[in-house]
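S.K.:
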Amino acid sequence: MRMKQVYRVPFDRNTDRVKELRREFVLRIQEHDTANEVYEYIFIDEVGFNLAKRRRRGRNVIGQRAIVEVPGQRGGNITMCAAMNHHGILHHHAHLGAYNTARLLAFLDGLHDLLVPPGQIDGPQRIDHVVIWDNVSFHRAAQVHEWFQDHPHFSVLYLPPYSPFLNPIEEFFSAWRWKVYERNPQG
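Just so we're aligned: 64 in numbering that gives the first Met the number 0 is position 65 of the sequence shown, and the numbers increase by one with no gaps anywhere.
1) Tell me which residue opens and which closes the alpha helix (DSSP H) that Thr-14 is part of.
2) How would you write the range of the beta strand (DSSP E) that His-128 sits in, first residue to last?
3) Using the Cα positions of Ala-140 and Thr-100, report the straight-line distance between them to the nearest angstrom.
4) Going by DSSP, name the residue or residues bridged to His-144.
5) Throw me the rounded Cβ distance for the Gly-234 and Thr-78 pair, which I believe falls under 8 Å.
6) If I measure Cβ to Cβ from Ala-34 and keep anything under 7 Å in the same chain, skipping five residues before and after, which residues do I get?
7) Should Glu-45 go down as buried or exposed, given a rule of 16 or more other Cβ atoms within 10 Å for buried?
8) In whole angstroms, what is the alpha-carbon distance linking Trp-177 and Leu-89?
9) Within 8 Å of any Cβ in chain B, is that where the Cβ of Pro-160 sits?
10) By how many angstroms is the C-alpha of Ala-82 removed from the C-alpha of Phe-42?
11) Excluding five sequence neighbours on each side, which residues of the same chain lie with their C-beta closer than 7 Å to the C-beta of His-128?
12) Please report the straight-line C-alpha distance between His-144 and Arg-1, rounded to a whole angstrom.
13) So the alpha helix (DSSP H) Ser-106 belongs to, where does it begin and stop?
14) Compute the Euclidean distance between the alpha carbons of Ala-105 and Arg-12, then round it to the nearest angstrom.
15) Is Leu-103 buried or exposed, if buried means 16 or more other CB atoms sit within 10 Å of its CB?
16) Rounded to the nearest angstrom, what separates His-85 and Ser-162 at their Cα positions?
Structure, rendered in structure tokens:
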């Protein structure tokens with residue numbers, strides 16, 4: 000027996016309840032896919048970047064430490080909100096500090112302006128957009144619900160808890176975050 004790194008797994012991550020919620024989510028997606036309307040899925044998420052963060056491993060000559068210089072302060076945080084569809088990134092916005100309801104509404108307005116041309120009317124060319132995102136509290140704010148009611152071309156589906164693997168933008172952010180860190184923006 001060997002000592003190994005311990006991975007923290009939330010108790011609820013794979014309970015029967017969460018598995019059932021995932022199954023229901025997939026069924027809702029299938030319902031959209033079999034409907035007569037034309038839908039485009041838009042995956043939205045937020046990610047934080049600490050600009051002072053660096054990789055914890057490095058390479059150097061045998062016998063010498065791998066050293067990277069870092070600032071004495073922790074550094075600023077940038078939060079990026081992005082939307083992607085099956086073609087790639089549609090819209091993104093970076094902001095110093097955390098995201099909140101007001102910033103999310105501004106992001107949704109920008110996304111709406113990008114996807115729904117002014118004066119677009121209902122008809123055979125109408126594309127409805129289904130926003131898929133996680134259960135962060137500001138995603139469920141009353142103002143966000145009102146926004147979706149006021150924009151008939153958009154609807155929302157919430158991901159089940161502990162299911163980031165159902166949101167492809169999570170993989171994109173994971174790769175993007177390390178590209179930011181490798182470029183050493185503070186160095």
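For every residue, glycine included, the Cβ atom is placed at its ideal position computed from N, Cα and C. These numbers come from a predicted model, not from an experiment.
M.R.: This is what the structure gives:
1) From DSSP, Thr-14 is part of no alpha helix (DSSP H); its letter is neither H nor E.
2) 127–132
3) 7 Å
4) In the DSSP output, where bridge partners are listed per residue, His-144 has none listed.
5) This structure cannot speak to residue 234, because the chain is shown only from 0 to 186.
6) none
7) By the 10 Å Cβ count, Glu-45 comes out buried.
8) 21 Å
9) Absent from the structure is chain B; it holds one protein chain and no more.
10) Each residue's alpha carbon lies about 5 Å from the other.
11) Counting only Cβ-Cβ distances below 7 Å, and skipping sequence neighbours, we find Glu-39, Ile-41, Leu-114, His-152, Phe-153.
12) Each residue's CA atom was taken as its position, placing His-144 and Arg-1 some 51 Å apart.
13) Checking the displayed sequence, the identity of residue 106 turns out to be Phe instead of Ser. It spans 100–114 - the alpha helix (DSSP H) in which Phe-106 sits, taken as one unbroken run.
14) 32 Å
15) By the neighbour-count rule (16 or more Cβ atoms within 10 Å), Leu-103 is buried.
16) 19 Å
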